[in-house]
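Notes follow the structure.
Numbering (the numbering used here), first residue to last: 3 to 133.
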């Protein structure tokens, strides 16, 4: 895992599709390997959040797989242990509002029930929108 994560970390800056960041992030979250590759999760989130979330915004209404991208992003962020979540906060503070905005512009069939469920579960875990 460490070797694979380290190899991908070297390529993060060149990733040009939101799924190219979210899918590895999902795998790290699923495996509980938040520190793999000396910061791969943080680098993936920073790449998505860079330049006003430009890369994330490619996963917008009408783009293929947009709902799954956002559902997996939210779910992955919500799986981070508290100490990791604190480290990731600068990126997630930019990503979650941008994602929520993009989700608001989507409808059926772009957002399937499983994707909505992932977002709702993550929002509850993260206490998103609650002061």
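Cβ coordinates follow ideal geometry from the N, Cα and C atoms, glycine included.
With a Cβ-Cβ cutoff of 9 Å, do residue i and residue j count as a contact?
i: residue 47; j: residue 10; result: no
i: residue 40; j: residue 8; result: yes
i: residue 49; j: residue 15; result: yes
i: residue 31; j: residue 77; result: yes
i: residue 104; j: residue 59; result: yes
i: residue 65; j: residue 107; result: no
i: residue 113; j: residue 57; result: no
i: residue 124; j: residue 89; result: no
So which of the options has the shortest CA-CA distance to residue i?
i: residue 68; options: 52, 37 and 111; result: 111
i: residue 121; options: 92, 80, 85 and 86; result: 80
i: residue 22; options: 35, 3, 42 and 37; result: 42
i: residue 33; options: 83, 66 and 119; result: 83
i: residue 51; options: 75, 64, 63 and 106; result: 75
i: residue 25; options: 73, 56 and 113; result: 73
i: residue 130; options: 91, 54, 53 and 116; result: 91
Helix, strand or coil for residue i, going by three-state DSSP, please let me know.
i: residue 17; result: coil
i: residue 28; result: helix
i: residue 133; result: Residue placement at residue 133 is flagged as unreliable, the pLDDT there being 47, under the threshold of 50; a coordinate-derived value is accordingly withheld.
i: residue 35; result: coil
i: residue 59; result: helix
i: residue 78; result: helix
i: residue 65; result: coil
i: residue 109; result: coil
i: residue 41; result: coil
i: residue 92; result: helix
i: residue 2; result: No answer is possible for residue 2: the residues shown for the chain start at 3 and end at 133.
i: residue 83; result: coil
Which whole-angstrom value is the C-beta distance of residue i and residue j, which I expect to be below 8 Å?
i: residue 1; j: residue 35; result: It is not possible to answer for residue 1, since the shown part of the chain is limited to 3 through 133.
i: residue 94; j: residue 20; result: With a Cβ gap of about 15 Å, residue 94 and residue 20 do not count as contacting.
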